[in-house]
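Numbers given in this note's numbering equal positions in the sequence shown, counted from 1, plus 31. The beta carbon of each residue, even a glycine, is placed where N, CA and C say it ideally should be. Here the structure is a predicted model, which means the values were calculated and not measured.
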Amino acid sequence: MASLGEVNAAIAAACDKASKCKDALGTAGDLAEDAQAVLGSALEGDTTGDKDKVLASLQAVVDGVRELWKVLSKGVDHAQAALDAIRGTGAPPPEAPSRPPSAAQPPAAPASPPPPLPPERVEELLRDLPPAVIGGTGQKTHGRWTAPDGSTQRAVSGHDEWTPKVNAALAAEGCPRLPVVTDADVELKLAARMREQGTLDPAMRHLTLALNYAPCVGPFGCDSLLPAVLPEGYTLAVYGPDGYYKKFTGGKPPWRR
């Protein structure tokens with residue numbers, strides 16, 4: 032019979048491999064979305080119906096990857112819980128769920144936010160974007176935002192180092208469904224960056240973002256989750272195609288309303 036130490040090591044190794052698998056799945060999903068975008072452009076004007084079939088097949092791959100990622104994530108969480116139980120630190124349970132260090136609630140921002148970005152600067156950001164995304168084609172969403180030093184920063188949808196921080200922030204706010212399928216979206220990743228960097232740089236607490244695809248709606252869409260990822264007092268002004276504009280204010284998780 033294996034010793035506790037051997038069981039501990041085996042679970043830890045499994046968690047490590049599962050984490051690498053999650054990263055690989057994220058990459059696979061991004062590549063499938065890229066393939067959708069390329070084929071969507073290459074088969075433009077197709078009248079045989081093959082384009083729709085191919086894009087639908089790739090969308091099924093993307094959806095399947097997301098589902099597998101969620102299942103694997105839950106498995107890792109259960110394995111980690113078992114590992115923690117075996118290690119047993121003997122420390123008393125906390126009175127309330129602890130917040131992940133990277134997602135801890137930053138101090139509220141000053142009462143007076145900076146003035147809105149000038150209209151001409153907003154137009155400049157919008158002009159710098161690729162053409163508006165056509166829903167269902169698998170095209171990536173692109174964003175442009177103004178950093179505190181005035182420079183234009185580029186962002187694109189897809190899994191990166193900010194994706195887990197989106198879910199960590201939502202977990203800290205009590206989100207009832209994790210991970211969210213929108214964790215790789217531009218606006219949520221920027222909100223996670225604001226949440227982390229705004230603790231030391233007040234200028235990161237109020238930003239403006241231009242997108243070539245409006246934030247998705249729904250109970251767990253970006254439109255609903257932005258007020259949860261953003262801390263209280265933080266704001267993110269979002270501009271999009273066809274005159275879209277909305278200013279999101281933090282500290283308002285929809286499940287607490």
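Check: Nearest to L160 (by Cα), restricted to the options L261, R208 and N243; Outcome: N243
Check: C-beta contact flag for L219 and L257 at 8 Å; Outcome: yes
Check: Paired residues, beta bridge with R185 - DSSP; Outcome: R175
Check: Validate contact between the segment 256-276 and the segment 144-163 using beta carbons, cut 8 Å, 3 pairs; Outcome: yes
Check: Given 8 Å, three or more beta-carbon pairs between the segment 147-157 and the segment 175-183; Outcome: yes
Check: Spatial distance of G282 from E204 (CA atoms); Outcome: 9 Å
Check: Distance, D254 Cα to P246 Cα; Outcome: 6 Å
Check: Sequence-distant residues of its chain with Cβ nearer than 8 Å to A45 (five each side left out); Outcome: A110
Check: Cutoff 8 Å; reference P207; Cβ partners in own chain excluding five residues on either side; Outcome: W286
Check: Host beta strand (DSSP E) of V269 (start-end); Outcome: T266 to Y270
Check: Assigned secondary structure, H109 (DSSP; H/G/I helix, E/B strand, else coil); Outcome: helix
Check: Rounded straight-line distance, which links the Cα of K48 to that of S133; Outcome: Residue confidence for S133 is low, a pLDDT of 47 falling below 50, so the modelled location carries little weight; the figure read from the coordinates is stated next. Approximately 23 Å between the Cα atoms of the pair.
Check: Residue-chain proximity (C253, chain C), Cβ-Cβ < 8 Å; Outcome: Annotation note: the requested chain C is absent from the structure, which comprises a single protein chain.
Check: Same chain, Cβ closer than 7 Å to W193, neighbours up to 5 away in sequence not counted; Outcome: K220, A223 and R224
Check: Contact check, G189 vs V93, beta carbons under 8 Å; Outcome: no
Check: Proximity test, P262 beta-carbon vs the ligand GTP heavy atom, cut-off 7 Å; Outcome: In terms of ligand content, the structure shown is empty, and the ligand GTP therefore cannot be addressed.
Check: Length of the line joining the Cα atoms of L62 and E98; Outcome: 16 Å
Check: A68 (DSSP reduced to helix, strand or coil); Outcome: helix
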